[in-house]
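This report refers to the structure that appears directly beneath it.
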Amino acid sequence: CYHNSELVVLTIITSIKKHPLIRAVASIIISWCLLEQAGWRGKRGIAFAALAQSENAYRHRNSAKKTYTKATSATSSCDAEAAMVPSVRVVPGNKLFVSEPNPSWFGNGPNDLNNTSWTNKNWLKSRFHFSFAEYHNQLNSNFGVLRVMNDDLVQPRRGFGTHSHRDMEIITYVVHGNLTHKDSMGTEETLGRGSIQFMTAGTGVRHSEFNGGDIPLRFIQTWVMPSRSSLKPNYGSHVGLSDNRRNNLCHLVSNAKDKSSSTPTVVNQEIDAYAAELELGKSVGLNLTDEQQGYLICIEGEVQVNGEALVRHDGCEIVGGGQLLIHATKVEETETGEVAHILMFVMKKDGKGGRGDL
Numbered sequence: 001c002y003h004n005s006e007l008v009v010l011t012i013i014t015s016i017k018k019h020p021l022i023r024a025v026a027s028i029i030i031s032w033c034l035l036e037q038a039g040w041r042g043k044r045g046i047a048f049a050a051l052a053q054s055e056n057a058y059r060h061r062n063s064a065k066k067t068y069t070k071a072t073s074a075t076s077s078c079d080a081e082a083a084m085v086p087s088v089r090v091v092p093g094n095k096l097f098v099s100e101p102n103p104s105w106f107g108n109g110p111n112d113l114n115n116t117s118w119t120n121k122n123w124l125k126s127r128f129h130f131s132f133a134e135y136h137n138q139l140n141s142n143f144g145v146l147r148v149m150n151d152d153l154v155q156p157r158r159g160f161g162t163h164s165h166r167d168m169e170i171i172t173y174v175v176h177g178n179l180t181h182k183d184s185m186g187t188e189e190t191l192g193r194g195s196i197q198f199m200t201a202g203t204g205v206r207h208s209e210f211n212g213g214d215i216p217l218r219f220i221q222t223w224v225m226p227s228r229s230s231l232k233p234n235y236g237s238h239v240g241l242s243d244n245r246r247n248n249l250c251h252l253v254s255n256a257k258d259k260s261s262s263t264p265t266v267v268n269q270e271i272d273a274y275a276a277e278l279e280l281g282k283s284v285g286l287n288l289t290d291e292q293q294g295y296l297i298c299i300e301g302e303v304q305v306n307g308e309a310l311v312r313h314d315g316c317e318i319v320g321g322g323q324l325l326i327h328a329t330k331v332e333e334t335e336t337g338e339v340a341h342i343l344m345f346v347m348k349k350d351g352k353g354g355r356g357d358l
């Protein structure tokens with residue numbers, strides 16, 4: 001018992017043998033050896049008493065096996081439930097590409113540096129979640145069917161002049177201020193906070209987006225790859241009501257082919273969009289299947305998404321099935337009160353895209 005090799009052999013026996021009596025005896029022998037090495041020979045009586053107890057336990061091994069089986073089954077079930085939680089990977093706001101283009105590129109005059117209502121020196125400050133315009137990153141080109149997500153801040157009396165799109169589903173969510181939209185289909189309207197618009201560019205459409213107000217305009221514009229090309233151009237919108245988003249995950253967009261969902265706007269792709277404004281300490285949740293993935297942006301305030309902290313402008317990639325919990329940890333003053341504000345897209349999981357550079 002004084003040789004380490006003998007202890008190793010006994011340890012292996014303990015690991016391999018499934019018989020409860022052999023395990024007990026081997027464990028006692030190991031304990032005895034360790035006591036001998038420590039010079040505690042007077043402790044041998046304890047080992048023999050333990051051996052007697054193990055023999056008694058062996059006589060009741062059948063009932064013990066049943067209990068062990070039940071416990072193992074319950075543990076496995078708990079482990080499986082615990083494993084059913086979507087993974088969340090934060091995309092920090094400081095890792096987004098920031099674009100501040102020349103005003104003349106979009107038909108604007110020089111920046112109005114003396115206008116006290118401006119909150120940025122340049123007419124546009126845009127944060128790109130994926131490659132777009134002058135930002136080229138092969139490791140960040142898309143996330144599933146999400147091709148573009150731009151967080152745009154447009155100063156008063158400025159905007160995007162008439163330009164063309166095709167073969168893309170374009171979804172715009174207004175954060176604050178007022179967005180005026182005009183397009184070649186004859187649509188013209190102005191939308192405020194919480195409103196959402198969609199445009200099927202399809203075979204081709206021309207439109208403009210303008211901030212005709214006296215305060216800055218912020219909106220999130222998302223481009224979704226369509227289910228097929230050359231669709232007929234289409235436009236739709238919905239005026240958002242803050243009560244529908246307050247401490248509630250408001251379902252705003254769904255697949256046009258999904259007859260089980262009823263949302264204010266629909267697009268030609270298997271994707272859903274949700275928005276929520278949460279008071280401090282409030283939470284909302286959503287169950288995802290193993291076949292889904294999501295992308296969430298923290299628009300205002302701060303939240304935790306399954307325990308992962310997100311601050312203003314942060315995004316996160318969500319993959320896997322299970323319960324997704326969004327909890328407001330900090331709020332900020334907005335047009336609709338003190339809230340934390342999120343926008344989330346849920347789509348079919350395809351294993352494509354995502355930040356390969358983080």
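Residue numbers for the sequence shown follow our numbering, beginning at 1 and rising by one. For glycine and all other residues, C-beta sits at the position ideal for the given N, C-alpha and C.
Go to residue i, then tell me how far its alpha helix (DSSP H) extends in each direction, as first and last residue.
i    : result
D243 : 242-245
Between the C-alpha atoms of residue i and residue j, what's the straight-line distance to the nearest angstrom?
i    : j    : result
P264 : L252 : 6 Å
R359 : W123 : This structure does not reach residue 359, given that the chain is present from 1 up to 358, and the question cannot be answered.
P101 : F128 : 13 Å
T336 : V85  : 32 Å
N108 : Y135 : 22 Å
A309 : R89  : 10 Å
G45  : V305 : Confidence in G45 is poor, its pLDDT being 40 and thus under 50, which makes the residue's placement unreliable; the coordinate value appears in the next sentence. C-alpha separation (whole angstroms): 56 Å.
K330 : D214 : 28 Å
M168 : G202 : 6 Å
E277 : N94  : 23 Å
E300 : K259 : 32 Å
K121 : G177 : 18 Å
N287 : I318 : 12 Å
K348 : D183 : 30 Å
S117 : Y295 : 32 Å
G320 : V346 : 11 Å
N255 : C298 : 23 Å
A273 : E332 : 23 Å
P226 : Q293 : 17 Å
K352 : N115 : 44 Å
L96  : S262 : 33 Å
R157 : S99  : 19 Å
L191 : L241 : 12 Å
Could you tell me if residue i is buried or exposed, where buried requires 16 or more neighbouring beta carbons within 10 angstroms of its beta carbon?
i    : result
H341 : buried
S283 : exposed
A133 : exposed
D314 : buried
V91  : buried
K125 : buried
L179 : buried
L113 : exposed
L146 : buried
D350 : exposed
L358 : exposed
G307 : exposed
G356 : exposed
L343 : buried
Q138 : exposed
G204 : exposed
P216 : buried
Starting from residue i, trace the beta strand (DSSP E) both ways and give me its first and last residue.
i    : result
T329 : 322-330
H142 : Inspection of the sequence shows that residue 142 is occupied by Asn rather than by His. That residue, N142, is in no beta strand (DSSP E); it is neither H nor E in DSSP.
S208 : 205-211
Q304 : 302-305
I215 : Run containing I215: none; DSSP gives neither H nor E here.
G315 : 315-319
F132 : Run containing F132: none; DSSP gives neither H nor E here.
A340 : 337-348
R158 : 158-165
L310 : 308-310
R355 : Note, R355: premise wrong, no beta strand (DSSP E); not H, not E.
F97  : 97-99
S87  : 87-91
Chain D beta carbons: is any one of them nearer than 8 Å to that of residue i?
i    : result
S131 : You won't find chain D in this structure, because it holds only one protein chain.
Please confirm whether any heavy atom of the ligand MN lies closer than 7 Å to the CB of residue i.
i    : result
G320 : With respect to the ligand MN, the structure shown offers nothing to examine, as it has no ligands at all.
As an exercise, report each continuous beta strand (DSSP E) stretch of at least 3 residues that is fully enclosed by the region 225-296, in chain order. 234-238, 250-255, 265-267, 271-278, 283-288
Any contact of the region 197-214 with the region 131-142, i.e. 3+ C-beta pairs under 8 Å? no
Assess contact between the region 242-249 and the region 142-161, defined as three or more Cβ pairs (one per stretch) separated by less than 8 Å. Is contact present? no
Report yes or no: do three or more beta-carbon pairs, one from the region 167-185 and one from the region 220-235, lie closer than 8 Å? yes
Using 8 Å as the threshold, is the region 157-168 in touch with the region 200-217, meaning 3 or more CB pairs across them? yes
Contact between the region 320-340 and the region 274-283 (3+ Cβ pairs under 8 Å): yes
Taking only runs that begin and end inside the region 168-198, name each unbroken beta strand (DSSP E) of 3 or more residues, in chain order. 169-176, 179-183, 188-191
Segment contact, 8 Å Cβ cut-off, at least three pairs: the region 183-191 with the region 232-245: yes
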